[in-house]
Amino acid sequence: MSERIRMVITVKAYPAISNKYGEVVCVAGIRIDVEPYSWVRLWPVPFRELHFDQRFSKYDIIEIEVDSSTDSRPESVRPNLDSLQILQGKRLPPGGPWPKRRPVVEPLLIDSMCQLQQQQRVDGTSLGVFRPAEVTDLVIEDDTDEWKPGQSGKASQSSLFFPNKGVLEKIPCRFKYRYRCSDPQCRGHEQSIVDWEIAESYRNWRSRYPDEATLRAKIKQKYFEQMCDPKRDTAFFAGNMHLHPEAFLILGVFWPMKI
Ligand SMILES: [Zn+2]
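Numbering (this note's numbering), first residue to last: 9 to 267.
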């Protein structure tokens, strides 16, 4: 059954190639038209095929019609993208301790990654946000894999209606946070961060830092030293993978200054 929802976008991952849907983006956020606020994942979203005035950013508020999804994850809904509307002038700004964003995100905070994994085994929960106890590193690994067989064609194929969208670039490295969560039994986590923003930093900063080692050091400076600084109330948005529900990824970082 179709319903129109209002949500704050909190997560937008770098596009991935789905065998079934082609190039799609994991988009998730928080429904603010229900009490209590709740997670919602829009799937699938071929983001680069959206009209320019529909290309939302993180912390935009959008309204959209959704249907129940064939994706088994309980938070997922199927978006009717023609109905997508960004509410103009409503984007939640950052500003120091992020006073407009905290009241939306903080009610959904859970204790830890270990708790989210336990919850996933009980009821399939597939999205969460938590404050890591200690982030020890951002590891940047080479990722020289090409798109998997059958995917490269799709990655470079312009669709009939969007002939100019360009080839989706495969980023030649993986970014992983290494951290401990606050569960007393935690044995530590190392999970990829798949936020579109970190991939865009890599692409955009290349011209400024043509030397690969310097480029990676700059990425680490922002995404580890700055965003995980003890002066910030850093939290990780996490979600699992459609086909591997036990495997969680970091989808984005919430990093306001401490109050
Ligand atoms: Zn843990």
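The beta carbon of each residue, even a glycine, is placed where N, CA and C say it ideally should be.
Run through the DSSP bridge pairs and tell me what residue i is partnered with.
{"i": "L50", "result": "V35, V85"}
{"i": "S200", "result": "K184"}
{"i": "L92", "result": "Answer by DSSP bridge pairing: none, since L92 is not bridged."}
{"i": "I69", "result": "V16"}
{"i": "H252", "result": "M249"}
{"i": "V147", "result": "K184"}
Cutting at 6 Å between CB atoms, please list the residues of its own chain near residue i, excluding the five before and the five after it.
{"i": "R182", "result": "E149, D151, S200"}
{"i": "K162", "result": "In this predicted model, K162 has a pLDDT of only 48, less than 50, meaning its place in the structure is not dependable; the value taken from the coordinates is given anyway. Taken in chain order, the residues that qualify are I25, G30."}
{"i": "F64", "result": "I17, I70, I94"}
{"i": "E73", "result": "S10, R12, N88, S91"}
{"i": "I267", "result": "P105"}
Alpha helix (DSSP H) containing residue i: first to last residue?
{"i": "K28", "result": "Element bounds for K28: n/a, residue is neither H nor E."}
{"i": "L124", "result": "121-131"}
{"i": "C141", "result": "Here the sequence assigns Ala to residue 141, which means Cys is not the residue at that position. No alpha helix (DSSP H) holds A141; DSSP gives it neither H nor E."}
{"i": "I227", "result": "220-228"}
{"i": "P111", "result": "110-113"}
Within a Cβ cutoff of 8 Å, which residues of the same chain sit near residue i, ignoring the five residues on either side of it in sequence?
{"i": "Q125", "result": "E254, F256"}
{"i": "Q193", "result": "C122"}
{"i": "I40", "result": "R14, M15, V16, I69, V112"}
{"i": "F169", "result": "Residue placement at F169 is flagged as unreliable, the pLDDT there being 49, under the threshold of 50; a coordinate-derived value is accordingly withheld."}
{"i": "Y231", "result": "L146, F183, I201, I206, S209, V261"}
Using beta carbons (cut-off 8 Å, strictly below), is residue i in contact with chain C?
{"i": "K239", "result": "The structure shown contains no chain C; it is built from a single protein chain."}
With a threshold of 7 Å on Cβ separation, who are the neighbours of residue i within its own chain once the five nearest residues in sequence on each side are excluded?
{"i": "S77", "result": "W51, S84, V85, R86"}
{"i": "K98", "result": "I69"}
Along the beta strand (DSSP E) that carries residue i, what are the first and last residues, could you check?
{"i": "A21", "result": "It is not in any beta strand (DSSP E) - A21 carries neither H nor E in the DSSP assignment."}
Is the beta carbon of residue i within less than 7 Å of some heavy atom of ligand 2?
{"i": "L176", "result": "This structure lacks ligand 2; its bound ligands are ligand 1."}
With three or more beta-carbon pairs closer than 8 Å as the criterion, would you say the stretch 71-87 touches the stretch 37-56? yes
So, does the stretch 133-141 touch the stretch 234-251, judging by three or more C-beta pairs under 8 Å? Using a C-beta cut-off of 8 Å, the stretch 133-141 makes contact with the stretch 234-251, since at least three inter-stretch Cβ pairs fall below that distance.
Stretch pair the stretch 98-109 + the stretch 213-228: three plus CB contacts closer than 8 Å: no
Name all residues in chain order for which at least one heavy atom of ligand 1 lies closer than 5 Å to the residue's CB. M121, C122, C189, D191, C194
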